[in-house]
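Shown next, in structure tokens, is the structure this report addresses.
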Amino acid sequence: MSETDAIDELVAQWCRRLDRDGRPVDFFGDLAIVGTGARLTRAAQHFGKHVRDLHAEHDLEWWEFDVLATLYRAGDPHGLSGKALIRAMLLTSGAITNRVDRLVQRGLVARDTDPSDRRSMLVRLTEAGRKKVEDVTPPHIANEASVLNALTIEERAQLDAILRKFLVSLGDTTLTP
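The numbering of the sequence shown is my numbering, which starts it at 1 and goes up by one.
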């Protein structure tokens with residue numbers, strides 16, 4: 001049998017707790033979903049901790065890197081609209097405004113009037129923001145690789161395929177509005 005994880009213990013606790021009248025809960029029916037969801041959540045928490053720790057070493061919060069990397073990947077020297085950032089980052093307009101305000105204060109992004117629609121603003125990287133994301137990206141990628149090192153290349157491909165299928169089923173198929 002393979003090793004057990006903390007979620008095996010969680011599921012066993014639920015099975016014991018929900019055992020009614022001597023009839024155990026059907027693990028593969030009812031509680032398999034609990035285990036899968038809990039593993040997704042717990043894996044994301046562990047992964048996130050490694051990411052946050054790495055970014056802290058570079059004087060960044062994880063969300064700051066996320067905004068900077070989103071703008072960097074866009075590659076457009078004019079920047080992205082608030083709507084595009086909301087869609088790309090799955091956040092509310094208030095959260096985007098707050099994050100952009102804080103990055104403006106740090107001198108890592110700037111707001112400019114959209115040349116194609118003067119009523120709208122675009123968020124773009126400053127030179128300091130561009131340098132920051134370029135400096136942090138290589139160790140960020142190396143950090144993610146080290147966290148995923150327990151999986152073989154084939155297993156990572158399988159995990160990617162499964163997670164892609166899951167995200168597509170939720171309608172998460174594009175970063176742009």
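In this text, a Cβ means the ideal position worked out from N, Cα and C, and glycines have one as well.
If you reduce the DSSP assignment to three classes, tell me which class residue i lands in.
i             : result
threonine 190 : Past the boundaries of the shown model lies residue 190; the chain is included only from 1 to 177, so the question cannot be answered.
threonine 113 : strand
leucine 40    : helix
arginine 106  : coil
serine 169    : helix
serine 120    : strand
histidine 58  : coil
methionine 1  : At methionine 1 the pLDDT is 49, less than 50, meaning the model places this residue with poor confidence; the figure from the coordinates comes in the next sentence. Coil at methionine 1, not helix or strand.
threonine 137 : helix
glycine 75    : coil
leucine 91    : coil
leucine 159   : helix
leucine 68    : helix
leucine 151   : coil
leucine 175   : coil
Applying the criterion that 16 or more other CB atoms from any shown protein chain within 10 Å of the CB defines a buried residue, is residue i buried or exposed?
i             : result
valine 11     : buried
isoleucine 96 : buried
lysine 179    : Lying before the first or after the last residue shown, residue 179 is absent from the chain, which here runs from 1 to 177.
glutamate 64  : buried
glycine 107   : exposed
alanine 6     : exposed
leucine 18    : exposed
glutamine 13  : exposed
leucine 68    : buried
valine 168    : exposed
glycine 37    : exposed
alanine 128   : exposed
glycine 171   : exposed
Give me whichever residues DSSP pairs with residue i in a beta bridge.
i           : result
leucine 125 : Val109
leucine 80  : Val123
Got a sec: is the Cβ-Cβ distance from residue i to anything in chain C below 8 Å?
i             : result
glutamate 155 : In the structure shown, chain C does not exist; there is a single protein chain.
Just to check my reading of the structure: residue i and residue j have Cβ atoms closer than 8 Å, yes? What is that Cβ distance to the nearest angstrom?
i             : j            : result
aspartate 135 : leucine 122  : That pair is no contact at about 24 Å.
leucine 151   : leucine 163  : The Cβ separation is near 12 Å, so there is no contact.
arginine 126  : alanine 110  : Note on identity: in this sequence residue 126 is threonine, with arginine being the wrong assignment. That belief holds up - the Cβ atoms of threonine 126 and alanine 110 are roughly 5 Å apart, short of 8 Å.
arginine 99   : leucine 175  : Arginine 99 to leucine 175, Cβ: 16 Å. No contact.
serine 78     : arginine 124 : It should be pointed out that residue 78 corresponds to histidine in this sequence rather than to serine. The pair is a contact, with the Cβ atoms about 6 Å apart (cut-off 8 Å).
Taking contact to mean 3 or more Cβ pairs, one atom from each stretch, closer than 8 Å, check whether the region 137 to 152 and the region 47 to 61 are in contact.
The answer is yes - the region 47 to 61 touches the region 137 to 152, with three or more Cβ pairs under 8 Å.
For the region 38 to 53 against the region 69 to 88, do three or more pairs of beta-carbon atoms, one drawn from each stretch, fall closer than 8 Å, so that the two count as touching?
no
Do the region 36 to 50 and the region 83 to 103 touch if we need at least three Cβ pairs shorter than 8 Å?
Not touching, per the Cβ criterion.
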